[in-house]
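First the structure, in the form of structure tokens, and then the observations on it.
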Amino acid sequence: MFRGHRTIVQRISKCGDGFVRTCLYEAAAVLLTKVTRWSPLKAWGVRLMKRIGAKKAKVAVARKLAVILHCIWTEGTDFRWTKEAPVA
Numbered sequence: 000m001f002r003g004h005r006t007i008v009q010r011i012s013k014c015g016d017g018f019v020r021t022c023l024y025e026a027a028a029v030l031l032t033k034v035t036r037w038s039p040l041k042a043w044g045v046r047l048m049k050r051i052g053a054k055k056a057k058v059a060v061a062r063k064l065a066v067i068l069h070c071i072w073t074e075g076t077d078f079r080w081t082k083e084a085p086v087a
């Protein structure tokens, strides 16, 4: 929604497949709690957990996972665990 020159950001909707949303949320929960290997995504999620709480951070990480997956599928790229460029 636009009001003047400012974009109003609303809450996350519950559109789409519920099972996919559940899987993304659980993947985010596992990434933040069970995975011991650090990544930029996990570091961001842990900082977010300390600031806004665990449930909201898991939803945010789940959304970011969905964006990453969409980019991988549409562009045909590979997932890189770290920000470092792959060695050729």
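In terms of numbering that gives the first Met the number 0, the sequence shown opens at residue 0 and continues consecutively.
Cβ coordinates follow ideal geometry from the N, Cα and C atoms, glycine included.
Remember, it's a predicted structure, so these values are computed and weren't measured experimentally.
- If you draw a 10 Å sphere on the C-beta of residue 57, you find 16 or more other C-beta atoms in it, and that means buried.
- The way I'd put it, the stretch 42-61 does touch the stretch 12-29; three or more beta-carbon pairs between them come closer than 8 Å.
- Boundaries of the alpha helix (DSSP H) around residue 18: 17-32.
- DSSP, read as helix, strand or coil, puts residue 14 in coil.
- For the pair residue 13 and residue 30, the CB atoms are not nearer than the 8 Å cut-off.
- For residue 44, the number of other beta carbons within 10 angstroms of its own is at least 16, and it is reported as buried.
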